[in-house]
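Participant: Protein sequences appear in the order of chains Y and Z. Under the numbering used here, the residues of the first sequence are numbered 247 to 535, in order. Under the numbering used here, the residues of the second sequence are numbered 14 to 261, in order. Note that the Cβ used here is the ideal one computed from N, Cα and C, for glycine as well. On a predicted model such as this, the values are computed, not experimentally measured, just so you know. Let me begin by handing over the structure; questions about it come next.
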Amino acid sequence: MFQATALNERNRRVEFLFRVLFGLMTVLLVAPVLIILALLIREGGPAVSFDFLFTPPSDQGRQGGILFPLVGTIWLVVVALLASVPIGVAAAIYLSEYAPDNLLTRLINLAIINLAGVPSIVHALFGVGAFVVFFRFGISILAASLTLAIMTLPVVIVSTREALQAVPMAFREACWNMGATRWETIRRVVLPNAISGILTGVILEVSRSAGETAPIMFTGAVTFLPFLPAGVLEPTMAMSLHLFTISNSVPNMPDEIKFGTALVLISMVLLMNAASIAFRMYLRGKKKW
Amino acid sequence: MLSVRGLTIRYGSDVALENVDLDVRRNEVFGIIGPAGSGKTSFLRTLNRMDEENSAMSVEGTILFNGRDIHQIRNVYNLRQRIGVVFPLPVGLPMTIYDNVALSPRLRGVKKKSKLDEIVERCLQRAALWDEVKDRLTALGSLLSGGQQQRLTIARALSQEPELLLLDEFSIAVDPVTTMRIEDVLRDLKDEMTIVMVTNLVQQARRLADRTAFFLNGDLVEVGETEELFTGEVKDQRTRDYVEGRFG
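And the structure:
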């Protein structure tokens with residue numbers, strides 16, 4: 247009764263083949279991440295301890311821990327966040343909710359996409375020219391963070407705009423029809439429903455900037471500093487640059503410390519990503535339509 | 014109440030509605046019938062200047078609302094507050110049932126809880142929804158059933174205390190029983206406001222509308238007392254064909 251034709255059979259085999267092929271590609275994708283993590287944990291895990299995290303480096307990093315670079319990276323990321331989030335979110339709100347669809351808007355969108363494609367070393371040189379020299383911030387946390395902020399702005403804008411546009415148009419129309427202004431509509435309907443997407447996007451993108459080296463190495467991060475920065479106008483050590491230095495320029499560096507530093511850096515980024523994903527899952531559970 | 018003269022609506026170079034003249038009288042239910050794409054919805058959008066939110070849409074002609082040219086009104090938000098709108102697909106905003114109905118009063122500056130409570134209860138009563146939701150006013154409006162959301166939309170429109178209520182195919186996503194309940198609501202509302210109702214269902218126009226306009230492919234074919242359109246005293250053969258279901 248159910249006699250499969252030759253074509254049926256062939257389709258079934260092809261179906262199986264593609265399933266395996268796509269599955270293999272996925273495994274290939276995950277493998278490097280797992281290998282990197284496994285290697286770092288095996289080689290660097292023994293070095294990471296409470297003391298390692300909370301002791302300043304000494305003897306060019308051969309001794310002690312990573313307290314100063316760790317604190318420095320937190321400074322850089324927090325100040326970068328404070329700069330890029332208000333500007334990026336405001337710009338995204340303008341582009342998504344106010345801007346008419348005309349040539350100028352399209353040019354601005356094009357500029358944002360291009361800004362995202364600028365290599366980080368070019369951002370670094372821009373940061374030197376603009377913040378270190380022109381605005382006279384010197385080699386400082388402020389200059390480095392602003393450079394990082396400019397680098398992350400495009401992604402903050404794009405992810406915020408996506409979150410805003412995920413709010414159905416019908417909600418806005420309903421509000422406008424009631425005589426609500428754009429701002430009232432944004433404040434009462436659009437933002438409350440987009441805020442989760444905005445926050446997760448922002449955390450994700452900014453956490454990436456924690457690992458950047460090029461934009462900060464000429465603008466605010468230094469290879470060695472015997473004290474913590476006292477304010478944003480001072481230079482600082484940073485995890486990424488510290489890792490670069492101890493791996494490259496310090497002879498007789500114990501491998502354990504290099505791997506341990508890398509492990510802490512990657513853990514910082516992964517932790518922030520995990521927090522952002524958990525946050526998104528929590529808010530998705532409360533989805534309102 | 015409404016007086017439309019020489020109204021032409023274009024989307025880019027496409028004409029959606031051409032040179033329409035019509036008047037809507039105070040406290041009547043004015044029906045608009047016509048097949049899809051005949052310009053009915055575009056017409057409604059221009060009445061509260063929602064056309065301005067769509068950059069592709071351009072409008073010529075004059076619309077007088079209570080004798081005032083709406084395009085001369087400086088504060089468009091004030092105009093829109095006085096006109097309630099109900100859409101084809103129900104839109105429960107993603108906030109509580111209470112907040113859905115209290116939104117418009119709040120936009121107008123009503124802050125007092127007791128006053129808001131009273132408005133919410135009254136509007137939900139009038140929209141025939143109160144009994145179903147009075148014990149769960151803090152539930153999300155966007156999670157109600159389709160028929161309930163449509164009545165919520167009507168309650169929200171009523172909370173604007175509108176002089177004019179625009180309904181765009183309100184029963185398209187609603188079951189027949191709810192449709193009948195909403196139709197009963199509209200019959201009562203007519204004493205307090207003017208209603209312009211776009212509908213695909215010619216029988217619905219017949220049940221509700223005092224006068225009806227027939228739009229076809231961007232033209233206003235004719236306007237008349239609803240009964241006359243249905244009993245054959247039409248000026249245009251196309252109207253008879255449409256109401257008798259021969260096309261459209």
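1. Can you check whether the CB of Thr-252 (chain Z) is closer than 8 Å to the CB of Phe-227 (chain Z)?
2. Identify, in the order they occur along the chain, each residue of the same chain with its Cβ nearer than 7 Å to the Cβ of Arg-58 (chain Z), setting aside the five sequence neighbours on each side.
3. Using a 10 Å radius around the Cβ and a threshold of 16 neighbouring Cβ atoms, would you call Asp-501 (chain Y) buried or exposed?
4. For a contact meaning CB atoms closer than 9 Å, what does Val-98 (chain Z) contact in chain Y?
5. Once DSSP output is grouped into helix, strand and coil, what is the label at Met-415 (chain Y)?
6. Name, in chain order, the residues that DSSP records as bridge partners for Ile-96 (chain Z).
7. Would DSSP call Gln-249 (chain Y) helix, strand or coil?
8. Are the CB atoms of Leu-92 (chain Z) and Phe-6 (chain Z) within a distance shorter than 8 Å?
9. On the DSSP bridge assignment, give the partners of Ser-304 (chain Y) in chain order.
10. Could you tell me which chain Z residues have their CB closer than 8 Å to the CB of Glu-430 (chain Y), listed as they occur along the chain?
11. Taking C-alpha atoms, which residue in Y:Val-402, Y:Ile-449 and Y:His-488 lies nearest to Leu-516 (chain Y)?
12. So, helix, strand or coil for Thr-225 (chain Z), using DSSP?
13. Would Thr-241 (chain Y) count as contacting chain Z if we go by Cβ distances under 8 Å?
14. Any beta carbon of chain Y sitting closer than 8 Å to that of Ser-71 (chain Z)?
15. Taking only three categories from DSSP, how would you classify Val-294 (chain Y)?
16. Counting only beta-carbon atoms, is Arg-526 (chain Y) nearer than 8 Å to chain Z?
17. What in chain Y is Cβ-close to Tyr-255 (chain Z), meaning under 7 Å?
18. For Val-300 (chain Y), which residues of its own chain have a beta-carbon under 8 Å away from its beta-carbon, when the five flanking residues on both sides are left out?
19. Is the Cβ-Cβ distance between Gly-231 (chain Z) and Val-187 (chain Z) less than 8 Å?
20. If we define contact as Cβ-Cβ less than 8 Å, is Asn-439 (chain Y) a contact residue for chain Z?
21. Please confirm whether Val-435 (chain Y) has its beta-carbon closer than 8 Å to some beta-carbon of chain Z.
22. Within 10 Å of its beta-carbon, does Leu-322 (chain Y) have 16 or more other beta-carbons around it, so buried, or fewer, so exposed?
23. Assuming Ala-521 (chain Y) is part of the alpha helix (DSSP H), what are its boundary residues?
24. Please classify Trp-422 (chain Y) as buried or exposed, where buried requires at least 16 other C-beta atoms within 10 Å of its C-beta.
25. Beta-carbon of Arg-409 (chain Y) versus every beta-carbon of chain Z: anything under 8 Å?
26. In chain Z, which residues lie less than 8 Å from Ala-416 (chain Y) when you measure between Cβ atoms?
27. Are the segment 176-186 of chain Z and the segment 207-215 of chain Z touching by the rule of at least three beta carbon pairs closer than 8 Å?
28. Taking any Cβ of chain Y, which residues in the segment 165-197 of chain Z have a Cβ under 9 Å from it, in chain order?
29. I'd like to confirm the pairing. Which residues does DSSP put opposite Ile-208 (chain Z) in its beta bridges?
30. Suppose contacts are defined by Cβ-Cβ distances below 8 Å. Is Ile-358 (chain Y) in contact with Pro-475 (chain Y) by that definition?
31. Would you identify the three-state DSSP class for Val-141 (chain Z), choosing helix, strand or coil?
32. Going by C-alpha distance, which of Z:Asp-144, Z:Leu-242 and Z:Ser-155 is nearest Phe-417 (chain Y)?
33. Mind listing the chain Y neighbours of Met-210 (chain Z)? Cutoff is C-beta to C-beta under 8 Å, in chain order.
34. State the start and end residues of the unbroken alpha helix (DSSP H) segment that holds Thr-431 (chain Y).
35. For chain Y, check one thing: does any of its Cβ atoms lie closer than 8 Å to the Cβ of Ser-127 (chain Z)?
36. Span of the alpha helix (DSSP H) holding Ser-486 (chain Y)?
Facilitator: If we stick to the structure as given:
1. The count along the second sequence starts at 1 and reaches residue 227 (chain Z) at position 214. The count along the second sequence starts at 1 and reaches residue 252 (chain Z) at position 239. In this structure, Thr-252 (chain Z) lies closer than 8 Å to Phe-227 (chain Z) by Cβ.
2. As a working mapping, residue 58 (chain Z) is identified with position 45 in the second sequence. Cβ neighbours of Arg-58 (chain Z) within its own chain (closer than 7 Å, five residues either side excluded): Asp-64.
3. By one-based count along the first sequence, residue 501 (chain Y) stands at place 255. It counts as exposed.
4. Taking the first residue of the second sequence as 1, we reach residue 98 (chain Z) at position 85. Going along chain Y in sequence order, the residues near Val-98 (chain Z) (Cβ under 9 Å) are Glu-419, Ala-420, Asn-423 and Met-424.
5. Stepping through the first sequence from its first residue, residue 415 (chain Y) is reached at position 169. Here Met-415 (chain Y) sits in helix by DSSP.
6. Start at 1 with the first residue of the second sequence, and residue 96 (chain Z) comes out as number 83. According to DSSP, Ile-96 (chain Z) bridges with Z:Leu-177.
7. To locate residue 249 (chain Y), count along the first sequence from 1; it is residue 3. The DSSP-derived three-state label of Gln-249 (chain Y) is coil.
8. Since the first residue shown for chain Z is 14 and the last is 261, residue 6 (chain Z) is missing from the structure and cannot be characterised.
9. Counting from 1 along the first sequence, the entry for residue 304 (chain Y) is found at position 58. Looking at the DSSP assignment, Ser-304 (chain Y) forms a beta bridge with Y:Gln-309.
10. If you number the first sequence from 1, residue 430 (chain Y) lands on position 184. Within 8 Å Cβ-Cβ: Leu-120.
11. For the purposes of this step, residue 516 (chain Y) is taken as the residue at position 270 of the first sequence. Closest by alpha carbon: Y:Ile-449.
12. Counting from 1 along the second sequence, the entry for residue 225 (chain Z) is found at position 212. Secondary structure of Thr-225 (chain Z) (DSSP, three-state): strand.
13. Nothing about residue 241 (chain Y) can be reported from this structure: the residues present for chain Y run from 247 to 535 only.
14. Stepping through the second sequence from its first residue, residue 71 (chain Z) is reached at position 58. Cβ-Cβ to chain Y under 8 Å: no for Ser-71 (chain Z).
15. Counted from its first residue, the first sequence places residue 294 (chain Y) at position 48. Note: Val-294 (chain Y) maps to coil in three-state DSSP.
16. Your numbering for residue 526 (chain Y) matches position 280 in the first sequence. Not an interface residue.
17. In the second sequence, residue 255 (chain Z) corresponds to position 242, counting from 1. By Cβ distance, chain Y contributes nothing, its closest Cβ being about 29 Å from Tyr-255 (chain Z), past 7 Å.
18. Walking along the first sequence from the start, residue 300 (chain Y) turns up at place 54. Per the sequence shown, the amino acid found at residue 300 (chain Y) is Phe instead of Val. Gly-311 and Leu-313, listed in sequence order.
19. As a position in the second sequence, residue 231 (chain Z) is number 218, starting the count at 1. As a position in the second sequence, residue 187 (chain Z) is number 174, starting the count at 1. No. Outside cutoff.
20. Here the question's residue 439 (chain Y) lines up with position 193 in the first sequence. Residue contact check for Asn-439 (chain Y) against chain Z: a CB pair falls below 8 Å.
21. Within the first sequence, the letter at position 189 stands for residue 435 (chain Y). Under the Cβ distance rule, Val-435 (chain Y) counts among the residues neighbouring chain Z, one pair being separated by less than 8 Å.
22. For the purposes of this step, residue 322 (chain Y) is taken as the residue at position 76 of the first sequence. Classification for Leu-322 (chain Y): buried.
23. Start at 1 with the first residue of the first sequence, and residue 521 (chain Y) comes out as number 275. Run containing Ala-521 (chain Y): 501-530, per the alpha helix (DSSP H) assignment.
24. Position 176 of the first sequence, counted from the start, is the residue given in the question as residue 422 (chain Y). Buried, because 16 or more other Cβ atoms sit within 10 Å of the Cβ of Trp-422 (chain Y).
25. The residue given as residue 409 (chain Y) occupies position 163 in the first sequence. Checking the displayed sequence, the identity of residue 409 (chain Y) turns out to be Ala instead of Arg. No, Ala-409 (chain Y) lies away from the interface with chain Z (no Cβ there is under 8 Å from its Cβ).
26. Position 170 of the first sequence, counted from the first residue, corresponds to residue 416 (chain Y). Those are Phe-100, Leu-102 and Val-104, listed as they occur along chain Z.
27. A contact is defined here as three or more CB-CB pairs under 8 Å, and the segment 176-186 of chain Z meets this definition with respect to the segment 207-215 of chain Z.
28. Listed by position along the chain: Thr-166, Arg-169, Ala-170, Ser-172, Gln-173 and Leu-179.
29. Along the second sequence, read from residue 1 onward, the residue named residue 208 (chain Z) stands at position 195. Answer is Z:Val-42 and Z:Leu-178.
30. For the purposes of this step, residue 358 (chain Y) is taken as the residue at position 112 of the first sequence. For the purposes of this step, residue 475 (chain Y) is taken as the residue at position 229 of the first sequence. No; because the gap between Cβ atoms is not below 8 Å, this pair is not in contact.
31. Position 128 of the second sequence, counting from 1, holds the residue named residue 141 (chain Z). Note that residue 141 (chain Z) corresponds to Ala in the displayed sequence, not to Val. Assigned with DSSP and collapsed to three states, Ala-141 (chain Z) falls in coil, not helix or strand.
32. Along the first sequence, one-based indexing puts residue 417 (chain Y) at 171. Nearest to Phe-417 (chain Y) by alpha-carbon distance, out of Z:Asp-144, Z:Leu-242 and Z:Ser-155, is Z:Ser-155.
33. Within the second sequence, residue 210 (chain Z) is the residue found at index 197, counting from 1. Chain-ordered listing is empty here: chain Y has no CB closer than 8 Å to the CB of Met-210 (chain Z), the nearest sitting near 16 Å.
34. For the purposes of this step, residue 431 (chain Y) is taken as the residue at position 185 of the first sequence. Where Thr-431 (chain Y) is concerned, the enclosing alpha helix (DSSP H) stretches over 428-431.
35. Locating residue 127 (chain Z) in the second sequence gives position 114, where the first residue counts as 1. No, Ser-127 (chain Z) does not count as interfacial toward chain Y.
36. By one-based count along the first sequence, residue 486 (chain Y) stands at place 240. Unbroken alpha helix (DSSP H) run through Ser-486 (chain Y): 485-494.
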